[in-house]
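Protein chains in written order, with the numbering used here: chain A, 939 to 1504; chain B, 939 to 1504.
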């Protein structure tokens, strides 16, 4: 079965989170319903006709390193060209540099379709989009003028270079160095690992954003600066010049995402340009990362939708046993329905959360007043770790259930169900592990004293007042538990918060799912049954998660991991 | 890091479930603590020194079909020889046929170690063990005399042939036929798929137990008979004779378990012998399957333990960031501890449930009176689907968390964390999917009016009276929810039961984990912290699961899967 873009579901989700209001703002006045509909329909064609056929080729024929050059999977060059020539890399970018200036909400909806149809290739433009945003916010006018048009058009691609063998989640432990060359450029030296699309043969240049330390920099994250290090040194007009002093050492052998080359890059005095202020690299990198975190949540969502579609199609065709409701296929079995219902509820929830987050980030730029923009920004910042962690967990869980619905056929690679499961697993790890996201939620995102969180919970409470009576009761009970847990978190020490961070994030996401699905059912009555299923079967987990969230750190530190070893 | 057999944990678990009482029975009088300790220590050496080094070779160099013959992975021939020559295939088999006659409890403890060290190879003797049991119970004396010594010694191996393309969970839909040859043998014809270790080059003969229909047989499961179809027709002394009329059509390309060849077998009038009565094949097959279901639960447990060990070792070595308790490595981070604690709690729970199930099955043979034996048999039958489903879910979940603890390194195949995750996934599917197990629990296993279940819940209640006060409160609350849900199940229609079967099974397993861990902590105070963690952090999920279990089928059938499609 082949992927079909869920245009109806996207439209309902956009309406549910209020994205139609974007066209009322000056900034996004052109993002009218007609325009958005046309853009999504065009992206759907790209995803269904061009990208989906590449999905399995990338898995069977991984990108490989040959004589120092990375060769991409069969068909990826054509697929990438279609993405670039369609203008999809730059759909959210500033029109001044050739972008379409569409809101992040639309970029995310498009991103879902690209991720669903070919996750490994879609990661490439996602990284470039993050780089465009970082350069737009922090680079000099000269750099912007030279690089942005090339990146926006997809002529060049972008990467993020943070990780080193000893510096993963702890970015501050990195050792790469940058020394001034005396001409305004820097010589960047060090080894970076886990660089997605760190090298490839799709474009004539690849632009690396590299975190490194200037001489005399402070230890930790405060001594890190950001550099732009192109693979090929461009001439003043962007024409290709000499090769820079960097090389691809190796590619990782990964469980999935084989079409996306994950490189070890060695920078040996490579020429780089400082982006942003000295020692302010982390701030600049966070511009890129926050964008990318939402984008990775959307990746998880995309795979969830694709896996759901495949499972629905299989369950509607496979005949096995007599079903209680007389349906001839296995979708008539209660336990299969339980799995399909959970898959659908989680996927819808992830979609609403990701689009809601994107909408907030858009309003943080487009709203009328400073105060409104700040409020939206805080709301978007609060939702970002939830979108990332829950979106990717949903990709993992839904693809796992997708295998189970297929039975033995799910374990056989030809079906494709296993590839979704293998590919999506990394999304729970990269761009900040989901544990890091949860810590961000209960740490930095509660540093406002809980104002943004309380605002969000207030919205949910107001939604319950408007909800169907059958949904309102359980939703109110769950919200009460979450409010109690939020209060507990705000009063707790950071270590106790951290001990409950992951379950708290998940409880909040399930609550948001109920909130959005109840609202969506008012827009599309066809979703009423799914909303009921979510509230009746998935939301109860929130209570258990809140109990875990409030358990505190003491129990965790009471046990000695060494005691568990054989 | 290499696998170390968890002998201390196994010993504690055996004591906790009361397995020391086996030596007090006549049947297992030789299974003294000293003997069991010696057997487990010897199995530990096999697992650590011989099998663990094969684990990655099997993944990197899958078994392959060459000119109609399956070639196994490098080193597997030597590994298999060590298993056979050590007498491990027949440790549970009747001494009359060369077995060691050890109880299933010990077989399971050994099975954990073999599964943990090399799941793909260990599956081979597990299947043979099931076949030995089926032949012992149902075959004629001639067949037993000819085949059992060869199977028990490991000279020959056994397989199970149930599945056909249109007959998976619905075995009754199978179409393979058997026609009498007039000489007491039968001509078996049909295609069987998903045959684990269906062909290989480890032994000179492979014995297939094949389900097929005799002429005029009733449709469905009541018209199925069981046949023994050897790859090579043995002479009267078991000497190799002519090749039988069957062939390996192909091997599946699976997500994991690459070292285990999964074959499509074509039987073309192959000579077979009827095992058991005509049309009574399902009953005979269930003898094999029930054994195998516990064995597959133990497979999940084994992989969970191996993944836990690897994560513990990584977390104790990897330095990343400052930890709240000052530990230099990531095991000091609260969220890493949360994951390690969950992994350890689930693994310990799976171990106790599997060994408790095995102990019941042993007592069902060894207890003094018919009444006692029947009671133990019912208890073992009740625990079997829980052991299978929860053991394998635990393998999946713990290996998933194992990847997460490793961060990016977990997604890279060299680490081995990903292989555990890929390999173990099939255990939740084969030998009856976990959905089928859950249906068995709430259907056939409650057909006694709930007597066995109420007996088990009574044991848990009595355990709570003896438990530490801090554990007793939450345990009593959870037990109350489960009792209420059990009552609901017993009063409900089968479709409503089925709709809540999977969450009910899991709730019961988490409750059993608390029960056993509280008891284990009285034997080994070093487990007190883990028991506390399980009750405080994992057991709360049981409440939410019970709510789902009682949600009924109505909500599931209210939604139209077609409505969810794009």
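Just so you know, even glycine gets a beta-carbon here, dropped at the ideal spot from N, CA and C.
message: Only counting the same chain, and skipping five residues up and downstream in sequence, which positions put a Cβ closer than 7 Å to that of residue 1123 (chain A)?
response: Here residue 1123 (chain A) is taken as the residue at index 185 of the first chain, counted from 1. Taken in chain order, the residues that qualify are 1209, 1210 and 1211.
query: Are the beta-carbon atoms belonging to residue 1319 (chain B) and residue 1311 (chain B) less than 8 Å from one another?
result: The residue labelled residue 1319 (chain B) in the question sits at position 381 within the second chain. The residue labelled residue 1311 (chain B) in the question sits at position 373 within the second chain. No, Cβ-Cβ distance for residue 1319 (chain B) and residue 1311 (chain B) is not below 8 Å.
- request: May I ask you to report which of helix, strand or coil DSSP gives residue 1101 (chain A)?
  value: In the first chain, residue 1101 (chain A) corresponds to position 163, counting from 1. Of the three classes helix, strand and coil, the one that applies to residue 1101 (chain A) here is coil, per DSSP.
- prompt: Just to confirm, are residue 1225 (chain A) and residue 1447 (chain A) a CB contact at a threshold of 8 Å?
  reply: Here the question's residue 1225 (chain A) lines up with position 287 in the first chain. Here the question's residue 1447 (chain A) lines up with position 509 in the first chain. No, they are not a contact pair.
task: Give the DSSP bridge partners of residue 1128 (chain B), in chain order.
output: As a first step, residue 1128 (chain B) is located in the second chain; it is residue number 190 there, counting from the start. DSSP output for residue 1128 (chain B) lists B:1205 as bridge partner(s).
field: Per-residue contacts from residue 1108 (chain B) into chain A (C-beta, under 7 Å)
entry: On the second chain, position 170 is the one that residue 1108 (chain B) refers to. The answer, in chain order, is 1258 and 1259.
field: Completely contained beta strand (DSSP E) runs for the stretch 1105-1170 of chain A, where each covers 3 or more residues
entry: Entirely contained in the stretch 1105-1170 of chain A, the beta strand (DSSP E) runs reaching 3 residues are, in chain order, 1115-1118, 1124-1134, 1143-1150 and 1163-1168.
message: Taking only three categories from DSSP, how would you classify residue 1011 (chain A)?
response: Here the question's residue 1011 (chain A) lines up with position 73 in the first chain. In the structure shown, residue 1011 (chain A) adopts coil according to DSSP, grouped into three states.
query: Would you say the stretch 1384-1397 of chain A touches the stretch 1364-1376 of chain B, given that touching needs at least three Cβ pairs under 8 Å?
result: No, they do not touch.
- prompt: Within the chosen definition, does the stretch 1180-1197 of chain B reach the stretch 1020-1038 of chain B through at least 3 CB pairs nearer than 8 Å?
  reply: At 8 Å Cβ cutoff, the stretches do not touch.
query: Given that a residue counts as buried once 16 or more other Cβ atoms are within 10 Å of its Cβ, and exposed if not, what is residue 964 (chain B)?
result: The residue you call residue 964 (chain B) lines up with position 26 of the second chain. The Cβ neighbour count for residue 964 (chain B), taken over all protein chains shown within 10 Å, is under 16; the residue is labelled exposed.
field: 8 Å Cβ cutoff, residue 978 (chain B) in contact with chain A
entry: Along the second chain, one-based indexing puts residue 978 (chain B) at 40. By this cut-off, residue 978 (chain B) is not an interface position.
- prompt: Between residue 1001 (chain B) and residue 1011 (chain B), which are expected to be in contact by the criterion C-beta below 8 Å, what is the C-beta distance as a whole number of angstroms?
  reply: Counting from one through the second chain, the residue named residue 1001 (chain B) turns up at place 63. Counting from one through the second chain, the residue named residue 1011 (chain B) turns up at place 73. Contact holds; Cβ gap of about 6 Å.
- request: With 8 Å as the limit, tell me which residues of the stretch 1362-1385 of chain B have their beta carbon closer than that to any beta carbon of chain A; keep them in chain order.
  value: Within the stretch 1362-1385 of chain B, the qualifying residues are 1363, 1364, 1366, 1367, 1368, 1371, 1372, 1373, 1376 and 1377.
field: Length of the line joining the Cα atoms of residue 1187 (chain A) and residue 1138 (chain A)
entry: For the purposes of this step, residue 1187 (chain A) is taken as residue 249 along the first chain, with counting starting at 1. For the purposes of this step, residue 1138 (chain A) is taken as residue 200 along the first chain, with counting starting at 1. Per the coordinates, the alpha-carbon of residue 1187 (chain A) lies some 13 Å from the alpha-carbon of residue 1138 (chain A).
- prompt: If we count the other Cβ atoms within 10 Å of its Cβ and call it buried at 16 or more, is residue 1396 (chain B) buried or exposed?
  reply: Taking the first residue of the second chain as 1, we reach residue 1396 (chain B) at position 458. By the neighbour-count criterion, in which a residue is buried when 16 or more other Cβ atoms sit within 10 angstroms of its Cβ, residue 1396 (chain B) is exposed.
message: Quick check on residue 1256 (chain A): does DSSP put it in helix, strand or coil?
response: The residue given as residue 1256 (chain A) occupies position 318 in the first chain. When DSSP states are grouped into helix, strand and coil, residue 1256 (chain A) belongs to the coil group.
message: For residue 1201 (chain A), would you say it is in contact with chain B, using Cβ-to-Cβ distances shorter than 8 Å as the test?
response: Working through the first chain from its first residue, we reach residue 1201 (chain A) at position 263. By this cut-off, residue 1201 (chain A) is not an interface position.
message: Are the CB atoms of residue 1466 (chain B) and residue 1457 (chain B) within a distance shorter than 8 Å?
response: As a position in the second chain, residue 1457 (chain B) is number 519, starting the count at 1. As a position in the second chain, residue 1466 (chain B) is number 528, starting the count at 1. Between residue 1457 (chain B) and residue 1466 (chain B), the C-beta spacing is not below 8 Å.
message: Let me confirm a value: residue 1300 (chain A) is counted as buried when at least 16 other C-beta atoms fall within 10 Å, else exposed. Which label applies?
response: The count along the first chain starts at 1 and reaches residue 1300 (chain A) at position 362. A residue is called buried once 16 or more other Cβ atoms fall within 10 Å of its Cβ, and residue 1300 (chain A) is buried on that count.
- request: Consider the Cβ of residue 1157 (chain B): report whether some Cβ of chain A lies at a distance smaller than 8 Å.
  value: What you label residue 1157 (chain B) is simply residue 219 of the second chain in a count that begins at 1. Closer than 8 Å: no.
message: Output needed for residue 1237 (chain B): all residues of its chain with C-beta closer than 8 Å, excluding positions within five of it in sequence on either side, in chain order.
response: Counted from its first residue, the second chain places residue 1237 (chain B) at position 299. 1049, 1053, 1057, 1060, 1061, 1064, 1329, 1330, 1333, 1362 and 1365.
Closest by C-alpha distance to residue 1234 (chain B), when choosing among B:1435, B:1500 and B:1068: By one-based count along the second chain, residue 1234 (chain B) stands at place 296. Distance from the Cα of residue 1234 (chain B) is smallest, within the candidate group B:1435, B:1500 and B:1068, for B:1068.
- prompt: Using the C-alpha atoms, what's the distance from residue 1165 (chain B) back to residue 1118 (chain B)?
  reply: The residue given as residue 1118 (chain B) occupies position 180 in the second chain. The residue given as residue 1165 (chain B) occupies position 227 in the second chain. The alpha-carbon atoms of residue 1118 (chain B) and residue 1165 (chain B) are separated by roughly 12 Å.
task: Could you tell me whether the stretch 1039-1046 of chain B touches the stretch 968-980 of chain B, using the rule of 3 or more Cβ pairs below 8 Å?
output: Yes, the stretch 1039-1046 of chain B is in contact with the stretch 968-980 of chain B.
- prompt: Excluding sequence positions up to five away, which residues of its chain have a Cβ less than 6 Å from the Cβ of residue 1110 (chain A)?
  reply: Stepping through the first chain from its first residue, residue 1110 (chain A) is reached at position 172. Excluding sequence neighbours, residue 1110 (chain A) sits near 1158 and 1159.
message: Strictly below 7 Å CB to CB, what residues from chain B border residue 1191 (chain A)?
response: Residue numbering aside, residue 1191 (chain A) sits at position 253 when the first chain is read from its first letter. Residues of chain B whose Cβ lies closer than 7 Å to the Cβ of residue 1191 (chain A) are, in chain order, 1350, 1351 and 1352.
field: Chain-order list of residues whose beta-carbon lies under 8 Å from that of residue 1016 (chain B) (same chain, five-residue window excluded)
entry: Here residue 1016 (chain B) is taken as the residue at index 78 of the second chain, counted from 1. So the list reads 988, once near-sequence residues are dropped.
task: Taking residue 1151 (chain B) as the reference, give the member of B:1376, B:1355, B:947 and B:1100 with the closest Cα.
output: Walking along the second chain from the start, residue 1151 (chain B) turns up at place 213. Minimum Cα distance to residue 1151 (chain B) is reached at B:1100.
field: Span separating the alpha-carbon of residue 1420 (chain A) from that of residue 1445 (chain A)
entry: For the purposes of this step, residue 1420 (chain A) is taken as residue 482 along the first chain, with counting starting at 1. For the purposes of this step, residue 1445 (chain A) is taken as residue 507 along the first chain, with counting starting at 1. When rounded, the distance between both Cα atoms is 7 Å.
- prompt: Among B:1045, B:1153, B:1028 and B:1128, which residue has its Cα nearest to the Cα of residue 1095 (chain B)?
  reply: Along the second chain, read from residue 1 onward, the residue named residue 1095 (chain B) stands at position 157. If we check each option's Cα against that of residue 1095 (chain B), B:1028 comes out closest.
field: Proximity below 8 Å, CB of residue 1325 (chain A) to CB of residue 1232 (chain A)
entry: As a working note, residue 1325 (chain A) is residue 387 in the first chain. As a working note, residue 1232 (chain A) is residue 294 in the first chain. Yes. Within cutoff.
- prompt: For the stretch 1345-1428 of chain A, which segments carrying the alpha helix (DSSP H) assignment without a break, of at least 4 residues, lie completely within its bounds, in sequence order?
  reply: Taking 4 residues as the shortest admissible run, the stretch 1345-1428 of chain A contains the following complete alpha helix (DSSP H) segments, listed from N- to C-terminal end: 1346-1349, 1355-1362, 1372-1380 and 1389-1404.
- request: Closer than 7 Å by C-beta to residue 1256 (chain B): which residues in its own chain qualify, once you throw out the five before and the five after it? Chain order, please.
  value: Position 318 of the second chain, counted from the start, is the residue given in the question as residue 1256 (chain B). So the qualifying residues of the chain are 1267 and 1268.
query: DSSP state of residue 1509 (chain A), grouped into three classes?
result: Since the first and last residues shown for chain A are 939 and 1504, residue 1509 (chain A) lies out of range.
field: Environment of residue 1434 (chain A) [buried if 16+ CB atoms lie within 10 Å]
entry: What you label residue 1434 (chain A) is simply residue 496 of the first chain in a count that begins at 1. It is buried - the Cβ of residue 1434 (chain A) has at least 16 other Cβ atoms within 10 Å.
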